[in-house]
Amino acid sequence: MAEVFEIKIAVNPADIDDQGHVNNVTYVRWVQDVALAHWVARATKEHRDRLMWLVLRHEIDYKQSAQLGDEILARTWIGMATRARLERWTSLHRAADGMLLAKARTMWCPIDAHTRRPAGITSDLLEMFPPGSGELSHTTQRKTQE
2 MAEVFEIKIA
12 VNPADIDDQG
22 HVNNVTYVRW
32 VQDVALAHWV
42 ARATKEHRDR
52 LMWLVLRHEI
62 DYKQSAQLGD
72 EILARTWIGM
82 ATRARLERWT
92 SLHRAADGML
102 LAKARTMWCP
112 IDAHTRRPAG
122 ITSDLLEMFP
132 PGSGELSHTT
142 QRKTQE
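Taking this note's numbering, I'd label the letters of the sequence shown as residues 2 to 147.
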């Protein structure tokens with residue numbers, strides 16, 4: 002089973018659109034924020050200095066609206082990995098009731114921080130970020146960043 006990484010996010014006034022709920026672009030930012038937090042929390046300094054991540058594709062399903070004052074639980078885990086691509090899953094939940102607000106599948110490619118060219122996904126990366134089987138239930142056991 003994949004390890005799930007979680008952070009809490011507060012909905013701020015700047016996140017709200019003209020329709021009175023969180024703007025769809027904000028969900029994309031949260032997907033990236035939790036991915037970055039996972040990378041910083043688990044990767045070694047050597048890996049963080051050597052590699053950057055480039056998004057190749059986002060797929061997001063919006064389920065429910067988040068509102069001003071909500072606290073969001075952003076959860077992410079690794080799915081399939083190939084030599085050059087890493088699949089990352091994310092789910093966004095309202096903390097108060099656990100309601101699934103959105104879920105995302107993102108394809109990432111590691112790039113060399115100095116040359117900006119694609120870098121392969123190595124076995125040491127897979128040890129730090131072990132791949133799972135894909136989309137998980139929102140009730141999956143998780144590890145929380147304190």
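C-beta: ideal position from N, C-alpha, C; glycine also.
(message) Given a cut-off of 8 Å on the beta-carbon distance, is the pair Ile8 and Ala38 in contact?
(response) Here residue 8 refers to the residue found at position 7 of the sequence shown. Here residue 38 refers to the residue found at position 37 of the sequence shown. Yes, Cβ-Cβ distance for Ile8 and Ala38 is below 8 Å.
(request) Would you kindly work out how many angstroms separate the C-alpha atoms of Cys110 and Leu69, rounded to a whole number? (result) Locating residue 110 in the sequence shown gives position 109, where the first residue counts as 1. Locating residue 69 in the sequence shown gives position 68, where the first residue counts as 1. If I take the Cα positions, the gap works out to 33 Å.
(request) Check whether the Cβ atoms of Leu93 and Ile112 sit closer than 8 Å, and answer yes or no. (result) One-based indexing of the sequence shown puts residue 93 at position 92. One-based indexing of the sequence shown puts residue 112 at position 111. No. Outside cutoff.
(request) Over the uninterrupted alpha helix (DSSP H) stretch that includes Thr27, give me the two end residues. (result) As a first step, residue 27 is located in the sequence shown; it is residue number 26 there, counting from the start. Segment 25-43, the alpha helix (DSSP H) holding Thr27.
(message) Taking a contact to mean a Cβ-Cβ separation below 8 Å, would you say Gly21 touches Met81 in this structure?
(response) If you number the sequence shown from 1, residue 21 lands on position 20. If you number the sequence shown from 1, residue 81 lands on position 80. Contact annotation: Gly21 and Met81 have beta-carbon atoms that are not nearer than 8 Å.
(message) On a Cα-Cα basis, can you pick out the residue from Ile17, Gly121, Ala75 that is closest to Met100?
(response) Stepping through the sequence shown from its first residue, residue 100 is reached at position 99. Minimum Cα distance to Met100 is reached at Ala75.
(message) Please list the terminal residues of the continuous alpha helix (DSSP H) segment that includes Gly127.
(response) Against the sequence shown, residue 127 aligns to sequence position 126. According to the sequence provided, residue 127 is Leu. The question's Gly does not apply to it. Start and end: 124-129.
(request) Pick helix, strand or coil for Glu4, following the three-state DSSP scheme. (result) As a working mapping, residue 4 is identified with position 3 in the sequence shown. Three-state DSSP puts Glu4 in coil, outside helix and strand.
(request) Starting from the Cα of His62, find the closest Cα among Asp98, Asp71, Thr107, Phe130 and give me that residue. (result) For the purposes of this step, residue 62 is taken as residue 61 along the sequence shown, with counting starting at 1. Sequence check: residue 62 is Asp here, not His. The candidate whose alpha carbon is nearest that of Asp62 is Thr107.
(message) On a Cα-Cα basis, can you pick out the residue from Gln65, Arg118, Asp50, Trp40 that is closest to Lys104?
(response) Taking the sequence shown and counting its residues from 1, one reaches residue 104 at position 103. For the residues Gln65, Arg118, Asp50, Trp40, the minimum Cα distance to Lys104 belongs to Gln65.
(message) Taking DSSP's pairing of strands, which residues face Arg58 in a bridge?
(response) Here residue 58 corresponds to residue number 57 of the sequence shown, with the count starting at 1. DSSP, once it has assigned bridges, lists Met108 as partnering Arg58.
(request) Using DSSP bridges, identify the partner residues of Lys9. (result) Here residue 9 corresponds to residue number 8 of the sequence shown, with the count starting at 1. Per DSSP, Leu74.
(message) Tell me the residue span of the alpha helix (DSSP H) that contains His48.
(response) Translated into the one-based positions of the sequence shown, residue 48 becomes position 47. Residues 46-51.
(request) If I'm right that Ala114 touches Asp50 with Cβ under 8 Å, what's the distance once you round it to whole angstroms? (result) For the purposes of this step, residue 114 is identified with residue 113 of the sequence shown, where counting begins at 1. For the purposes of this step, residue 50 is identified with residue 49 of the sequence shown, where counting begins at 1. That belief holds up - the Cβ atoms of Ala114 and Asp50 are roughly 7 Å apart, short of 8 Å.
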